[in-house]
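Working notes, beginning with the structure itself.
Number of protein chains: 4
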Amino acid sequence: MTQDKTKNWDQYGEYLALDTLLDIQKPWSADKATGAFAHDEMLFIIFHQTYELWFKQILFELDDVQMRLGRPVVDDCDMQPIVKHLHRVVEILRLLVRQLDILETMTPQDFTDFRDHLKTASGFQSLQFRLIETRLGLRREDRLLFNHCQYDAGYCPASQTAINTAEHETTLFDQIDKWLARTPFVDRDDYKFWDSYRAAVHTMLDGREAMARHAVDGDILDRELAAIARNRTKFDSIFNKDADTSSSPSSSWRLSWRALQAALFITVYKTEPALQGPASLLGHIMDIDAAMSQWRYRHALMVQRMVGMNVGTGGSAGYGYLMQTLEKHRIFTDLFALSTYLIPSHARPPLPQTISNQMGYRYGTTG
Amino acid sequence: MTQDKTKNWDQYGEYLALDTLLDIQKPWSADKATGAFAHDEMLFIIFHQTYELWFKQILFELDDVQMRLGRPVVDDCDMQPIVKHLHRVVEILRLLVRQLDILETMTPQDFTDFRDHLKTASGFQSLQFRLIETRLGLRREDRLLFNHCQYDAGYCPASQTAINTAEHETTLFDQIDKWLARTPFVDRDDYKFWDSYRAAVHTMLDGREAMARHAVDGDILDRELAAIARNRTKFDSIFNKDADTSSSPSSSWRLSWRALQAALFITVYKTEPALQGPASLLGHIMDIDAAMSQWRYRHALMVQRMVGMNVGTGGSAGYGYLMQTLEKHRIFTDLFALSTYLIPSHARPPLPQTISNQMGYRYGTTG
Amino acid sequence: MTQDKTKNWDQYGEYLALDTLLDIQKPWSADKATGAFAHDEMLFIIFHQTYELWFKQILFELDDVQMRLGRPVVDDCDMQPIVKHLHRVVEILRLLVRQLDILETMTPQDFTDFRDHLKTASGFQSLQFRLIETRLGLRREDRLLFNHCQYDAGYCPASQTAINTAEHETTLFDQIDKWLARTPFVDRDDYKFWDSYRAAVHTMLDGREAMARHAVDGDILDRELAAIARNRTKFDSIFNKDADTSSSPSSSWRLSWRALQAALFITVYKTEPALQGPASLLGHIMDIDAAMSQWRYRHALMVQRMVGMNVGTGGSAGYGYLMQTLEKHRIFTDLFALSTYLIPSHARPPLPQTISNQMGYRYGTTG
Amino acid sequence: MTQDKTKNWDQYGEYLALDTLLDIQKPWSADKATGAFAHDEMLFIIFHQTYELWFKQILFELDDVQMRLGRPVVDDCDMQPIVKHLHRVVEILRLLVRQLDILETMTPQDFTDFRDHLKTASGFQSLQFRLIETRLGLRREDRLLFNHCQYDAGYCPASQTAINTAEHETTLFDQIDKWLARTPFVDRDDYKFWDSYRAAVHTMLDGREAMARHAVDGDILDRELAAIARNRTKFDSIFNKDADTSSSPSSSWRLSWRALQAALFITVYKTEPALQGPASLLGHIMDIDAAMSQWRYRHALMVQRMVGMNVGTGGSAGYGYLMQTLEKHRIFTDLFALSTYLIPSHARPPLPQTISNQMGYRYGTTG
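This is the structure:
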């Protein structure tokens, strides 16, 4: 209902609950008598409050993405919102990295002036950030211990329950693993992607070997043949079913063998209409993993600058600890590792027409 | 007081008032029966809430900067925090521009799905943003009318009072004008910056004229002489006391004549120790003006993308209106215009030793 | 051929032609005798050289995109590279905006120290930038005159020829217009998108009218009915074939009527598999238009800061001129304007099953 | 000399040597017969060429900064250009990080299509980047071996000579160390900063101990006292002359003891007029160190995405190697570590008036 357009502008404030929102910045360094407090504590509070608002938004997007990916069959029309919402998470994470530029207008001395007042409060303790990590797929057993304790030992029972609940629900990692494993084209009718790709790899390496034998000899040939042999071994390791985590405990893969195949298939044939969305989805997952990692590193550097070799506020997460999480807390490294097994497009095996047809749109004339 | 380091992590949540902060996102598109609402409205709410938190931070920094600049004499030790806090405002404004990348992950169709529910609520109505503009120095008479009404006609009495109060307090523009006008070195003992600079300009232009007469003739000489004559007129316009806004109503300068002189002096001799801070301060003021302008334009483009030729939510600020404010609502254009009157360093008049000495540190051996 | 891995690292330099690349920065402010020059001129040169390299990359991406879009039928497998390469152009343009942060570490006084030496050289004269504008679709008649002359009057014959050639080739705007106009689903079998959408709009407005009559009366009802009537008029203007530019000279649309329909269709039904790519393509075109515009404005502000009210180097493009191009030189405003005609998803007419089927993948079970 | 303003626009091209600049992109994947090449190789080339141009600019700024800092006495008027040029380096490094967004529009498969053609050419081999590292202060003995060889083993003799020359010149690290060590106020007349600061630290810790004994007892008191004792030990370690690298081989400090004192003094009393520039300088050095580190990490993640677990082009720098350099190749960690020894402002010892006076400007009335 259109209303008088110059009235009631304060609906904006009501809509955003500004009376409340702008009244919950309470510096702990404030002197009880005078109310004076360390100037930069306000920045510290507002900085972290905006972080928490964005964390809420990330969890909200994950709700949607996981609801769609969690269905037995992912509807083709869901690919657009899934990709859109993952892209939004990427943009938010990039903003969170960029936002540290503002916090770094605070000097270490400025921070020292209110640091003691923070007692045990620390950004390291953000429950929502823990939930994001868990929902994405970071497992309890993958997490670094903190002071010989589990990472959630310091939370109140309600927070611990929230974490436990998240840990027992299906994570985005697991959903993507299952969704990949269901990809219909990898093994369909007479077509076996793995066989086709393996043959192409061998043809490519045979060609290199023949060219080497033709062009060089002696030590140079020996080195070249050794390099080709290492390449064969490298590729064989992925063609082997034992690459599966379940059957090979020593494997570094976390994705299932079937999912790995599908991810490679999607990567290699990404221009096929039915694979454009999935390829985009995988790209955004890698963007999220990379953005989280960059945030961790940027945060670690900021902590080092602010407190040097001291531990963080809350007695917790000093620079050394944070740097250990840098690699340990990554989730989707398998997708990055997959690039190890790519071959040039000219060596790529062409798709059988019947498979390619199935991945096209119905309105077209072929098929 | 050090506490058990793995306990009480929830103090972080208490410190940031997370229970409240994360409970005040109430989409208006929510269906009363099902609670379902347009997915992207959550982003819209959280986006604007983070904006309002940053606006509060900007106002908080302005409080500090204006308190220091408002004193009869600005303490030399205040220059560092003033510059630091202005720089922080710049970084925040740049983040607010950058943050629009996130909002643009929402498509126009997504926005259409909850736009009607917003009724008259509009970001255009942010009271804090109006206060920032006013505090910086945007005058009521400089503002574009909106629907033939004053820009604050739609606010409730309390908000209007806040605006009126801000309008009647000394703005940052006025403080900078007064602070510049007090700069001691511009006219000190026998030294008159204006006389010195005018003489240097004339010497420079005389040199150009002589070179032209020596090198060319005919039409080319005429054109060159005409160009030099235009240059003389240009410079004379600023050397003339009538450049003052008070005595020359037609002037486009808002800064006082004395402040203009000082701003040029600081710009030209910026490496002198006592001018490094002031030069940095003026640079940050220009950064703020430019960042506000970029935000206005980016915002206008976003509104155009989301609602096309429609007016904005709240029946208010469509693309056309916003584009009109782009130039009209700028505040510190005088500082940009000042570059019109710069001359190359080699033509710059050297400072008398006595003046230069006064701008050095006491510990040095000279003076 | 694998080589000794610690040898021949200088191939990197050979590959990038570094000997040449790093030897073509020749400051014009250099003193013939001493070689000394204004320090910041090096930044000015390198800044513009990186710009020109990125312009070359943009033109290179346009080559590819236009080659694919210029075919009589755009292959479905081409959608992925088209979108990828347009996205790359967006990222480059955003970098070019961001890169101005570096140039602004130069103060106006620093610039004044070598500005006179630049004579008529000006970034305003970049031939590649003119070609990018023309290739995207900026027409000669849309361009602002410069000093009462055509925009390319100052170029040498070879450059003018390059511009003329680009002007006579099919632009990206024209290709997108044609590609949109060919969209098969807008008018297929018994389905007419326009009829379907018009009916939905009328139903929606009828609903609003009925609700208004039920809920309010008197002046409020009159105002509400007037608003609904304006809405009807607004929508009728686009449903009318006379919206076509060819038949209605007064129209502000540059896209053909048929292309407008298709663009709206794609926007509205963007989750359909066959429309996900096209919707993404249109989004990137808008991103390009917005990024170009932001660059123009940021550039204009930088020019104003560096030279105030003077004209630019090369006697050319001062702040006032640049500001006039801001709106005048935009190309794809039609896509922004289209949002004027969106309706909420709940009012959107469902697609007939036969149409929806055709936009799905062949492997699915339906259809 | 003003010229006809619509003529000779091609001077812009001449100024920037565009004929040459835009003609040195020669993809190695180009087919000899057809000229066809992998589309994304052009991006790869232009991306690295812009990097090398910016590296040249960084070296050019270092020339200036090192020339000024290398003088026996740094002129007070040099502080402004030093800070300005270091800030420019920071902005360039941040752009180089940001610029990776463009390279990541290339998918790993796209890269695979021309990777083999690059043979041993690798960004890892940039001579200019090695020179930047060395000039900043990265020592040969601090560098990771590469394939059991020195990092410059693969370069041609001319490049090796350039590296050796840089290694034997005074680095920025050494210049800053010496400049800090010369700071006059740290030990002047009767004032000894170290004694004054140590006394303040002990007073602060005594206060904490008294408060603890008053407020708690038992285990809690024991823990608190142990924490205070650890704090005393921590501070004593820096007050001890043996913190000097020369006298204590086990120390982790690279800065001299005297320089550490001065850096802490500047950090603590940063608002004093004579310390504002130095404090800003130290801040920018930390920004450079942090930006280099962020670039290294972002680059490592990009390499991992593009080539997985393979080694890099040129058989060189795979992800694992790059990650090892992340901490090992940092240069100015001492400045970050210094924050370990900050105390709140209220506990900070006031400067004697005579010392404070010397750091003020001569024009003032005090002193």
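Protein chains in written order, with this note's numbering: chain E, 1 to 367; chain L, 368 to 734; chain W, 735 to 1101; chain Y, 1102 to 1468.
Glycine included, each C-beta is placed from N, C-alpha and C at the ideal position.
Q. Is there a Cβ from chain E that is less than 7 Å from the Cβ of Y:Q1255?
A. According to the sequence as given, residue 1255 of chain Y is Gly; it is not Gln. Among the residues facing chain E, Y:G1255 is not included, as its CB has no counterpart in that chain under 7 Å away.
Q | Chain-order list of residues whose beta-carbon lies under 6 Å from that of W:P761 (same chain, five-residue window excluded) | A | Taking W:P761 as the centre and dropping the five residues before and after it, the same chain places the C-beta of F771 and E775 closer than 6 Å to its C-beta, in chain order.
Q. Which partner residues does W:D921 have in the DSSP bridge list?
A. According to DSSP, which records beta bridges pairwise, W:D921 is partnered with W:K926.
Q: Closer than 9 Å by beta-carbon distance: list the chain W residues that pair up with L:V635, in chain order.
A: Result: Q843.
Q. Around the Cβ of W:S981, are there at least 16 other Cβ atoms within 10 angstroms (buried) or fewer (exposed)?
A. In this predicted model, W:S981 has a pLDDT of only 45, less than 50, meaning its place in the structure is not dependable enough to derive any value.
Q: Could you work out which residues of chain W lie near E:E272, taking near to mean beta carbons separated by less than 7 Å?
A: Against chain W, the beta carbon of E:E272 has neighbours under 7 Å at C811, listed in chain order.
Q) Which bits of chain L does E:E52 rub up against, with CB to CB less than 8 Å? A) For E:E52, the C-beta contacts it makes with chain L under 8 Å involve L383, L385, L388 and L389, in order along the chain.
Q. Where Y:D1111 and W:L914 are concerned, what is the direct C-alpha to C-alpha distance, given to the nearest angstrom?
A. Separation of Y:D1111 and W:L914 (C-alpha to C-alpha, rounded to the nearest whole angstrom) is 38 Å.
Q.
At a threshold of 6 Å, does W:L834 count as lining the ligand PLP (C-beta to nearest heavy atom)?
A. Among the ligands in the structure shown, none appear at all, so the ligand PLP cannot be discussed.
Q.
Is the beta carbon of W:G1042 closer than 7 Å to that of L:S647?
A. No, Cβ-Cβ distance for L:S647 and W:G1042 is not below 7 Å.
Q) What number of angstroms, rounded off, separates the C-alpha of Y:L1154 from the C-alpha of W:D757? A) Their backbone Cα atoms lie some 10 Å apart in a straight line.
Q: Ignore the nearest five residues each way along the sequence and tell me which others in E:I355's own chain have a CB closer than 7 Å to its CB.
A: Answer for E:I355: F185, R188 and Y191, listed in chain order.
Q | Three or more C-beta pairs below 8 Å linking the region 415 to 429 of chain L and the region 451 to 460 of chain L | A | In this structure the region 415 to 429 of chain L touches the region 451 to 460 of chain L; the number of beta carbon pairs closer than 8 Å is three or more.
(Q) Please tell me whether E:L16 and L:Q416 are closer than 7 Å, where the distance is taken between their beta carbons. (A) By the CB criterion at 7 Å, E:L16 and L:Q416 fall inside the cutoff.
Q.
Just to confirm my understanding: we take E:I46, look at its own chain, exclude 5 residues before and 5 after, and list those with CB closer than 8 Å. What are they?
A. Excluding sequence neighbours, E:I46 sits near Q25.
Q. By the criterion of Cβ-Cβ separation under 7 Å, what are the contact partners of L:F427 in chain E?
A. In chain order: M42.
Q) Would the region 491 to 505 of chain L and the region 524 to 536 of chain L be scored as touching if the rule is three or more Cβ pairs under 8 Å? A) A contact exists between the region 491 to 505 of chain L and the region 524 to 536 of chain L.
Q) Could you check where the alpha helix (DSSP H) with E:P108 kicks off and where it finishes? A) Start and end: P108 to R115.
Q. Closest by CA to Y:R1189, which one among Y:R1244, Y:N1458, Y:F1161 and Y:G1378?
A. Of the candidates Y:R1244, Y:N1458, Y:F1161 and Y:G1378, the one whose C-alpha sits nearest the C-alpha of Y:R1189 is Y:F1161.
Q. Does the beta-carbon of W:S986 have 16 or more other beta-carbons within 10 angstroms, so that it is buried, or is it exposed?
A. When all chains shown are included, W:S986 counts as exposed.
Q) Which two residues bound the contiguous alpha helix (DSSP H) that contains W:G817? A) It is Val, not Gly, that sits at residue 817 of chain W in the sequence shown. That run of the alpha helix (DSSP H) goes M813 to L837.
Q. Looking at C-alpha atoms only, which residue of E:P352, E:V303 and E:F235 is the closest neighbour of Y:T1434?
A. It is E:V303.
Q | Any 3 or more C-beta pairs closer than 8 Å across the region 1006 to 1013 of chain W and the region 74 to 84 of chain E | A | Flag = yes, the region 1006 to 1013 of chain W and the region 74 to 84 of chain E touch.
Q.
What are the residues in the region 273 to 296 of chain E lying within 9 Å of chain Y by C-beta distance?
A. Contact annotation: in the region 273 to 296 of chain E, residues whose CB is within less than 9 Å of a CB in chain Y are A279, G283, M286, D287, D289, A290, S293 and Q294.
**Q.** Beta-bridge partners of E:Y297, as assigned by DSSP
**A.** E:Y297 pairs with nothing; no bridge assigned.
Q: Compare the C-beta of E:Q358 with all C-beta atoms of chain W and state if any pair is closer than 7 Å.
A: At least one C-beta of chain W is nearer than 7 Å to the C-beta of E:Q358.
Q: With 9 Å as the C-beta to C-beta threshold (strictly closer), list the residues of the region 1061 to 1077 of chain W near chain L in chain order.
A: Of all residues in the region 1061 to 1077 of chain W, E1061, T1067, L1069, F1070, A1071, L1072, S1073, T1074, Y1075, L1076 and I1077 have a Cβ within less than 9 Å of some Cβ in chain L.
Q | Backbone secondary structure at Y:F1247 - three-state DSSP | A | Per DSSP, reduced to three states, the secondary structure at Y:F1247 is strand.
(Q) Taking beta-carbon pairs under 7 Å, can you tell me which members of the region 1180 to 1208 of chain Y lie near chain W? (A) Going along the region 1180 to 1208 of chain Y in chain order, one finds K1185, H1188, R1189, E1192, I1193, L1196, R1199, Q1200, D1202, I1203 and T1206 with a Cβ nearer than 7 Å to chain W.
(Q) Which residues in chain L have a C-beta closer than 7 Å to the C-beta of W:D850? List them in chain order. (A) Per Cβ cutoff of 7 Å: P711.
Q.
Strictly below 7 Å CB to CB, what residues from chain E border Y:N1411?
A. The contact set of Y:N1411 on chain E, defined by CB atoms closer than 7 Å, consists of T340 in chain order.
Q | Range of the contiguous alpha helix (DSSP H) that encloses E:P344 | A | Counted as a single uninterrupted DSSP element, the stretch harbouring E:P344 is not any alpha helix (DSSP H), since DSSP gives it neither H nor E.
**Q.** C-alpha gap between W:P1084 and E:L69, whole angstroms
**A.** Inter-residue distance for W:P1084 and E:L69 is about 24 Å (C-alpha atoms, whole angstroms).
Q: Could you work out which residue in Y:H1303, Y:A1360 and Y:K1133 is closest to Y:P1379 when comparing CA atoms only?
A: Ranking Y:H1303, Y:A1360 and Y:K1133 by Cα distance to Y:P1379 puts Y:A1360 first.
Q.
Please tell me whether L:Q433 has its Cβ less than 7 Å away from any Cβ of chain E.
A. Not one chain E Cβ lies under 7 Å of L:Q433.
Q) How about W:R1096: is its C-beta nearer than 7 Å to some C-beta of chain E? A) Interface residue, yes.
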